[in-house]
Each structure stands twice: as C-alpha cells, then as structure tokens.
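S.K.:
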Amino acid sequence: MKKRRGAHTGLSAQAAERLRPRLDAFLASTDAKARIGFDPVEFPHRYRDPRDVEVSALLAAALAYGRADLFRPKVDALLKRMGPSPAAFVRALDVAGAKELLTGFVYRFNVGTDLAVLLMGMGRALREHGSLEALFIRGWTASGTLHGGLAAFTAGLRDVPMDGLRRALGPERGLHHLLPSPLGPGAAKRLNLYLRWMVRGPDAVDFGIWKQVPPSALLVPLDTHIGRMALHLGLTKRTDLTWRTAEEVTASLRVLDPQDPVRYDFALCHYGMSGACPAKTVPQHCARCSLLPSCKVGPRAIARGSVQI
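The sequence shown begins at 1 in our numbering and counts up by one.
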C-alpha cells in the first residue's frame, strides 16, 4: 500500500528502542529543581491547596509568552496582590475588584480587561463547578477530543459579562491571544503546558492534581525549542508550530512511552532554553550533547566545524 504523502506513523519500533535509553538517561541527568526558577511553573509551586495551584498555574501559563524576565514580574506582582489564596481571590472577584487590581496593567498584547476576563472566568468556574478541572472535564467529555476540550474550556472561561468590565477598564485588546476561542489550528502551547502541569505527576515539576485525565491523553506543549529538538531527533519532519505538528511529535513520543508521552517535555524544552541546543547549531555544543547519537543535525555540524568528539 502506498503511503499518503506527508503521512506520519511515528517512530519505528527499532528507532524507538535506540532512542528510548538515551532520552531516559538525558531525562535523569536534568536537574529539574534547578530549572524550575527559569520556568513559569515556579509560581504554582508556591501553593499547596489544589484550587490555589490550578488558579495560579493558569494565570502563569496564560502570560508565559515573550521573554521570561518580562512576564515573570507581571505574574509575581499579580499573585502578591491577590493574597495568600488565589482561588479565594478569584471566587470573590467582581468588576470593582478587577478595576482595583488591573487598572494600568499592560503586558505586550494584553491589557487589564483581558486579565479580568481570565480571573473572573476562573472565579465563576470555581463557584459553579468547584474546580477548573471540572470545567475542563465537562468540555472534554462532551467533545471527545483534547482540542474540543480545550476549546470548551477557554469558551467557558470567557463567558463573563463584558459591558461592566469595558466601562471599568476599557476595551479588551489581546483576549483571543490570552484565551483563544475558537481554538484554531495553532499548537495551543500554553494551554497544553497547563494541562501537563495539572495532569502529570506529582513529581519535581508537575502536580498531578487533575485525576480524571490520564497522562496518555496529553499533547506535547509545542514551542520553538521543542519543535527544534523534535526535528533533530526525528520525532517529526514538520517545521510549523501547529496542532498537527504537536500531534505528530506526541505520536512519536507515544511510541517511546504510551502511558506518559510528554514526560520528556520539560527536559527537552529547557535544554533548548538554556542555549545548549540553540537555533543556530554550535558544533562545540553538539559534541558535548548526550543525544548526539540520535541527532539528525549534530554530526553534520561537528563534521563541518571539524570538532573532535
């Protein structure tokens, strides 16, 4: 049978057997605790109550775009003003409270009204469903797909009265970027990152507080770092950062670990973030990489640079 052009069947069993021990060793060598300070997951790690964790995590994930040294102070300042319990804060939040908290707020695409929708949407979800997990499960069950579940989740969060917020804080500006609805063909990296935090674990990074979603259902939070690493390791041949590419990368990871396909995400992403695997290959870096035997790019870069391994 002729394969459809562009079809992907994931890693072959043989390729997976070669790659798995190298990735497992790579994962084991990653100092996750040391890297948490460079990751937005540091914010929900401040809390112990599951509702505070899921609220602070969604706020952190939603704003985790652009440079970390720019978005981290924004998240930190908001959480400090929200007090010891972010969940209690958003449950009680009204338009007047949102105006007090968010007047003058700006971060790149987003203004105060955008953030007010997110916070008040979380508050409404907690009041009506008891948890953000319950809101997600409702849409996931109804749609039968992860994409549909996330689409329903963002739509549910955005279901707040807008007229009062606009009068108090002005018009929204980047609400679709903050809470995309409809979800569209993009990779939804920040939403899938949030799901990974909530579903996987508990371990040094992820919390595992959402018990109704199995880790096997997760999709890799695809960004430029994961996309580059996935290409180098042969997990995909696609170069775009779309949902389809995220599915293809996850399909390959699922061959490695059917029950927990995204467990390598944190280590791979932070390897790219750290500069160890930059967009422009550095032969000296490649020569030191433990994944070099499985890399499609490193050996050629080393040969061109005449670097000794």
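Backbone N, C-alpha and C define an ideal beta-carbon position, used for all residues, glycine too.
Pull the bridge partners of V249 from the DSSP assignment, please.
M.R.: Against the sequence shown, residue 249 aligns to sequence position 249. V249 pairs with nothing; no bridge assigned.
S.K.: Identify whether G83 lies in helix, strand or coil by the three-state DSSP scheme.
M.R.: The count along the sequence shown starts at 1 and reaches residue 83 at position 83. It is coil, neither helix nor strand.
S.K.: Nearest to M198 by alpha carbon, out of V262, H270, A68?
M.R.: Here residue 198 is taken as the residue at index 198 of the sequence shown, counted from 1. Ranking V262, H270, A68 by Cα distance to M198 puts V262 first.
S.K.: What do you get for E247, buried or exposed, if any count of 16 or more other CB atoms within 10 angstroms of its CB means buried?
M.R.: Position 247 of the sequence shown, counted from the start, is the residue given in the question as residue 247. So E247 counts as buried.
S.K.: Can you grab the Cα-Cα spacing for the pair L27 / E100, in whole Å?
M.R.: Residue numbering aside, residue 27 sits at position 27 when the sequence shown is read from its first letter. Residue numbering aside, residue 100 sits at position 100 when the sequence shown is read from its first letter. Distance between the alpha carbons of L27 and E100: 44 angstroms.
S.K.: With distance defined between alpha-carbon atoms, name the residue in A68, D52, H285 nearest to A87.
M.R.: One-based indexing of the sequence shown puts residue 87 at position 87. It is D52 whose Cα lies nearest to the Cα of A87.
S.K.: Relative to the C-alpha of P299, which candidate in C269, P182, H232 has its C-alpha closest?
M.R.: One-based indexing of the sequence shown puts residue 299 at position 299. Comparing Cα positions, the closest option is H232.
S.K.: DSSP three-state label for K2, please.
M.R.: As a position in the sequence shown, residue 2 is number 2, starting the count at 1. For K2, the predicted model reports a pLDDT of 37, less than 50, meaning its position is unreliable; a value from the coordinates is still stated below. Looking at K2 - three-state DSSP - the assignment turns out to be coil, as it is neither helix nor strand.
S.K.: Along the chain, where does the alpha helix (DSSP H) containing G227 start, and where does it finish?
M.R.: To locate residue 227, count along the sequence shown from 1; it is residue 227. Note, G227: alpha helix (DSSP H), 224-232.
S.K.: Do you know offhand how far Q14's Cα is from G130's?
M.R.: Residue 14 sits at position 14 when you count from the first residue of the sequence shown. Residue 130 sits at position 130 when you count from the first residue of the sequence shown. About 46 angstroms.
S.K.: Specify, as a first and last residue, the run of the alpha helix (DSSP H) that T141 falls within.
M.R.: Mapped onto the sequence shown, residue 141 falls at position 141. Counting along the chain, the alpha helix (DSSP H) containing T141 begins and ends at 132-143.
S.K.: Out of M273, E128, H45, which has the shortest C-alpha to C-alpha gap to D203?
M.R.: What you label residue 203 is simply residue 203 of the sequence shown in a count that begins at 1. Nearest option by C-alpha distance: H45.
S.K.: Counting C-beta neighbours from all protein chains within 10 Å, is the total for L63 16 or more, i.e. buried, or is it exposed?
M.R.: Your numbering for residue 63 matches position 63 in the sequence shown. Buried is the call here.
S.K.: Check whether the region 69-85 and the region 235-250 touch, using three or more Cβ-Cβ pairs below 8 angstroms as the test.
M.R.: Not touching, per the Cβ criterion.
S.K.: My output table needs one value for G164: the three-state DSSP class, helix, strand or coil.
M.R.: On the sequence shown, position 164 is the one that residue 164 refers to. Here G164 sits in helix by DSSP.
S.K.: Please confirm if the region 114-125 is in contact with the region 148-164, defined as three or more CB-CB distances below 8 angstroms between the two stretches.
M.R.: Yes: the two stretches touch, three or more of their Cβ pairs being nearer than 8 angstroms.
S.K.: Given A168, which residues of its chain have a CB within under 6 angstroms of its CB, disregarding the five upstream and five downstream residues?
M.R.: As a position in the sequence shown, residue 168 is number 168, starting the count at 1. Taken in chain order, the residues that qualify are V95, K99.
S.K.: Are the Cβ atoms of M229 and G186 separated by less than 7 angstroms?
M.R.: By one-based count along the sequence shown, residue 229 stands at place 229. By one-based count along the sequence shown, residue 186 stands at place 186. Not in contact: M229 and G186 (Cβ atoms no closer than 7 angstroms).
S.K.: Beta-carbon separation of Y47 and K74 under 7 angstroms?
M.R.: The residue labelled residue 47 in the question sits at position 47 within the sequence shown. The residue labelled residue 74 in the question sits at position 74 within the sequence shown. The answer is no: Cβ separation not under 7 angstroms.
S.K.: So what's V111 in DSSP terms, helix, strand or just coil?
M.R.: Here residue 111 refers to the residue found at position 111 of the sequence shown. Three-state result, V111: strand.
S.K.: Is it true that the CB of F136 sits closer than 7 angstroms to the CB of G149?
M.R.: Working through the sequence shown from its first residue, we reach residue 149 at position 149. Working through the sequence shown from its first residue, we reach residue 136 at position 136. Result yes, Cβ atoms of G149 and F136 sit closer than 7 angstroms.
S.K.: Label K2 either buried or exposed according to how many other C-beta atoms from any shown protein chain fall within 10 Å of its C-beta, with 16 as the threshold for buried.
M.R.: Your numbering for residue 2 matches position 2 in the sequence shown. Caution applies to K2, whose pLDDT of 37 falls short of 50 and renders its modelled position unreliable; the value that the coordinates give is listed next. So K2 counts as exposed.
S.K.: Hey, would you say F71 sits closer than 7 angstroms to M82, going by beta carbons?
M.R.: Working through the sequence shown from its first residue, we reach residue 71 at position 71. Working through the sequence shown from its first residue, we reach residue 82 at position 82. Going by C-beta atoms, F71 is not nearer than 7 angstroms to M82.
S.K.: Have a look at A68, V41, G66, Y65 and flag the residue whose alpha-carbon is nearest the alpha-carbon of V55.
M.R.: Along the sequence shown, one-based indexing puts residue 55 at 55. The option with the nearest alpha carbon to V55 is V41.
S.K.: Contact check, F109 vs R67 under 8 angstroms by CB: the rounded distance?
M.R.: As a first step, residue 109 must be located in the sequence shown, where it is residue number 109. As a first step, residue 67 must be located in the sequence shown, where it is residue number 67. The pair is not a contact, with the Cβ atoms about 14 angstroms apart (cut-off 8 angstroms).
S.K.: Hey, would you say L218 sits closer than 7 angstroms to A61, going by beta carbons?
M.R.: For the purposes of this step, residue 218 is taken as residue 218 along the sequence shown, with counting starting at 1. For the purposes of this step, residue 61 is taken as residue 61 along the sequence shown, with counting starting at 1. Cβ atoms of L218 and A61: not closer than 7 angstroms.
S.K.: Which first and last residues belong to the alpha helix (DSSP H) in which G97 is found?
M.R.: Counted from its first residue, the sequence shown places residue 97 at position 97. 95-102 is the extent of the alpha helix (DSSP H) around G97.
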